[in-house]
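**Student:**
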Amino acid sequence: MLPSINTLVRVAVGHSEDPADGLRACDVPSRVEDVQVVPGAPADSPRRVLVATPRFPGDSEEPGPGTACTLTWTLPDGVVELPVAYDSSTVWNAEPAVLRLWWLAVTGEPVRIQRREYFRCPIALPVTFAPGIGGRTTDLGEGGLRCLLVGDPLAAGAAVESRLELPDGSTLTVAGTVLRSDQALRAPDHADTVVRFDDPEAAGDEVRRVIFAEQLRLRRLGLD
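In terms of the working numbering, the sequence shown has 39 at position 8, counting the first letter as 1, and numbering is strictly consecutive.
Have a look at this one:
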């Protein structure tokens, strides 16, 4: 599932090919101008999305090819997140205006999130699921988390306990279920993993506190 042309989207732009390196910008509004998919091609064939160039502090320097990004858009029943990577820029001469655009290469499968779970924020926190099994989050929300797991993927449907190391030095442990865990295309020794919390209310206050603090930090940096 890809966004259709003219879909309003939000773009998160990373610092590098590794999502764990954090963000240059998050939640930047844009619009889909074109989608490239080869009809009848295998699911793993190259797919690209063309969006209006996101505007944010420091955007005069384009991302490097392969920089990790995320597209987010809304549906009537929820929100969709699509992992992508910066591919290239182009210009359309649509008189009287000139449109500056980014091609974004699709790097993973879309994840649909219920609206009540979509109080989320891109944030990198150490997370472990068992001794020797862990990585860093790429975003955290009341309903779950997404992370880059070092090593092999986890089994979809597996019950896990997510142990998050919070910025204040404390640890938050939340029971959850693996929605999906796939080898990361641009980091073969990592698994792009999504975990849904079994009881979002159990740790809701603490998760919201962490998210609010991160959003405040990003605003101070001019990234939100």
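Glycine included, each C-beta is placed from N, C-alpha and C at the ideal position. All values derive from a computational prediction rather than experimental measurement.
Quick check on residue 55: buried or exposed, where buried means 16 or more other Cβ atoms within 10 Å of its Cβ?
**Tutor:** buried
**Student:** Taking one C-beta from the region 120–139 and one from the region 168–177 each time, how about it: are there three or more such pairs within less than 8 Å?
**Tutor:** no
**Student:** Do residue 179 and residue 167 count as a contact pair if the criterion is CB distance below 9 Å?
**Tutor:** yes
**Student:** If you drop the 5 nearest sequence neighbours on each side, which residues of the same chain put their C-beta closer than 6 Å to that of residue 211?
**Tutor:** Cβ within range, chain order: 187 and 225.
**Student:** At what residues does the beta strand (DSSP E) containing residue 84 begin and finish?
**Tutor:** Unbroken run through residue 84: none, as it is neither H nor E.
**Student:** From this set, 65, 109, 169 and 236, which residue's C-alpha is nearest residue 131's C-alpha?
**Tutor:** Relative to the Cα of residue 131, the nearest Cα in the group 65, 109, 169 and 236 belongs to 65.
**Student:** Should residue 102 go down as buried or exposed, given a rule of 16 or more other Cβ atoms within 10 Å for buried?
**Tutor:** buried
**Student:** If we ignore side chains and look at the alpha-carbon of each, how far apart do residue 242 and residue 182 end up?
**Tutor:** Spanning the two alpha carbons is a distance of roughly 27 Å.
**Student:** Please report the straight-line C-alpha distance between residue 189 and residue 112, rounded to a whole angstrom.
**Tutor:** 22 Å
**Student:** Please check the pair residue 160 and residue 192, which I expect to be a contact at CB under 8 Å, by giving their CB distance rounded to whole angstroms.
**Tutor:** 7 Å
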